[in-house]
Amino acid sequence: TQLLEQSPQFLSIQEGENLTVYCNSSSVFSSLQWYRQEPGEGPVLLVTVVTGGEVKKLKRLTFQFGDARKDSSLHITAAQPGDTGLYLCAGAYGTYKYIFGTGTRLKVLA
Amino acid sequence: ETGVTQTPRHLVMGMTNKKSLKCEQHLGHNAMYWYKQSAKKPLELMFVYSLEERVENNSVPSRFSPECPNSSHLFLHLHTLQPEDSALYLCASSQGDRASQETQYFGPGTRLLVL
Chain A
1 TQLLEQSPQF LSIQEGENLT VYCNSSSVFS SLQWYRQEPG EGPVLLVTVV TGGEVKKLKR
61 LTFQFGDARK DSSLHITAAQ PGDTGLYLCA GAYGTYKYIF GTGTRLKVLA
Chain B
1 ETGVTQTPRH LVMGMTNKKS LKCEQHLGHN AMYWYKQSAK KPLELMFVYS LEERVENNSV
61 PSRFSPECPN SSHLFLHLHT LQPEDSALYL CASSQGDRAS QETQYFGPGT RLLVL
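Here the protein sequences come in this chain order: A and B. When we follow the numbering used here, the leftmost residue of the first sequence carries the number 1, and every step to the right adds one. When we follow the numbering used here, the leftmost residue of the second sequence carries the number 1, and every step to the right adds one.
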C-alpha cells in the first residue's frame, strides 16, 4: 500500500519565522503536487513538481522534489498569517491515481 | 470562481435514509473525481470518471453509488450509511487523465453527518 507521510502534523509559529514541511514515501511518483486547504473549502493546487531534484518557487514558498522522486519539501520564508491552512502533498502515478499525504496544519500567529 | 460547485454544502442523514450529493464543473474538463476526507486520515480517492465512464473504483462499499450522466455532472448516491461514513466529500475535475500532468480543481465539499 502506498503511503505519503507528512511532518510535522501541526505547526504553530510566529509571523516572520521560516518553516519546512516534509512529505516522504517509499514509493516513486511520476509527479508530486502541493495543495493548501482552508476551512470550508476544497484543496487548491499550489505547485506540481515532475523532475527529480526539481525546485520551484512561488513567492515566499519553495518546493523541492527529491532526486529519487519519493519525497518532497515545502519551505516557507517569513511566514505570514495568510499562510495559515492545511498543507497537503499528493503523489501521482499511472492514470487517475493520486495518493494524498496525511497533511500539515499550519497556524501563523500575528 | 472555483469552477466546481457542490450541493448541498451540509447534510445530516439517518442510517436508513437515501440521499444524493451533486457536483457540477464549469471548466469543460473530461475527468471527474469523488474523494472522502475524514478527520485524521488522508484524502481518499473513491471514484474516477473519464468522459462519463467509470475508470476507477477504489474498493468503495456499495452503499456509495456514483453516477455521471454527462461530463459536467457527477452524483454520489448514498444509501444505508454508517456513522463512520461521516466526512467531507470532495468532488474534483481535471482536463485529462494523465495524473502526473493534470491539475485537479476541487469543489468546496459536502460535510456529511450520519446519525
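In this text, a Cβ means the ideal position worked out from N, Cα and C, and glycines have one as well. Note that the structure is a prediction, hence the values are computed from the model and not measured.
Which of the three DSSP states is assigned to residue i in this structure?
{"i": "E38/A", "result": "coil"}
{"i": "P83/B", "result": "helix"}
{"i": "D83/A", "result": "helix"}
{"i": "Q33/A", "result": "strand"}
{"i": "Q101/B", "result": "helix"}
What does the alpha-carbon distance come out to for the pair residue i and residue j?
{"i": "K59/A", "j": "L45/A", "result": "15 Å"}
{"i": "Q101/B", "j": "L3/A", "result": "20 Å"}
{"i": "S30/A", "j": "K19/B", "result": "37 Å"}
{"i": "S50/B", "j": "G96/B", "result": "8 Å"}
{"i": "P43/A", "j": "G101/A", "result": "12 Å"}
{"i": "V108/A", "j": "Q80/A", "result": "6 Å"}
Answer with buried or exposed for residue i, where buried requires no fewer than 16 other C-beta atoms within 10 angstroms of its C-beta.
{"i": "G66/A", "result": "buried"}
{"i": "T104/A", "result": "buried"}
{"i": "E15/A", "result": "exposed"}
{"i": "A31/B", "result": "buried"}
{"i": "Q9/A", "result": "exposed"}
State the start and end residues of the unbroken beta strand (DSSP E) segment that holds residue i.
{"i": "M32/B", "result": "A31 to Q37"}
{"i": "E52/B", "result": "Where E52/B is concerned, there is no enclosing beta strand (DSSP E), given that its DSSP letter is neither H nor E."}
{"i": "Q25/B", "result": "K18 to Q25"}
I'd like the list of long-range same chain contacts for residue i, defined as Cβ closer than 6 Å, with 5 residues on each side in sequence excluded.
{"i": "L88/B", "result": "Q37, G109 and R111"}
Can you confirm whether residue i, when its beta carbon is compared against all beta carbons of chain E, has any partner nearer than 7 Å?
{"i": "P66/B", "result": "Included in the structure are the protein chains A and B, with no chain E among them."}
Taking 6 Å as the cut-off, does the CB of residue i come closer than this to any heavy atom belonging to the ligand ADP?
{"i": "L88/B", "result": "Absent from the structure shown: the ligand ADP. Ligands present: none."}
Might you give, ordered along the chain, the residues of its own chain that have their beta carbon closer than 8 Å to the beta carbon of residue i, omitting 5 neighbours on each side?
{"i": "V47/A", "result": "Q33, W34, K56, L58, L61 and F63"}
{"i": "G3/B", "result": "Q25, H26, L27, S93 and Y105"}
Tell me which same chain residues have a C-beta within less than 7 Å of the C-beta of residue i, skipping the five on either side of it?
{"i": "T84/A", "result": "L106, K107 and V108"}
{"i": "R69/A", "result": "V28, F29 and G52"}
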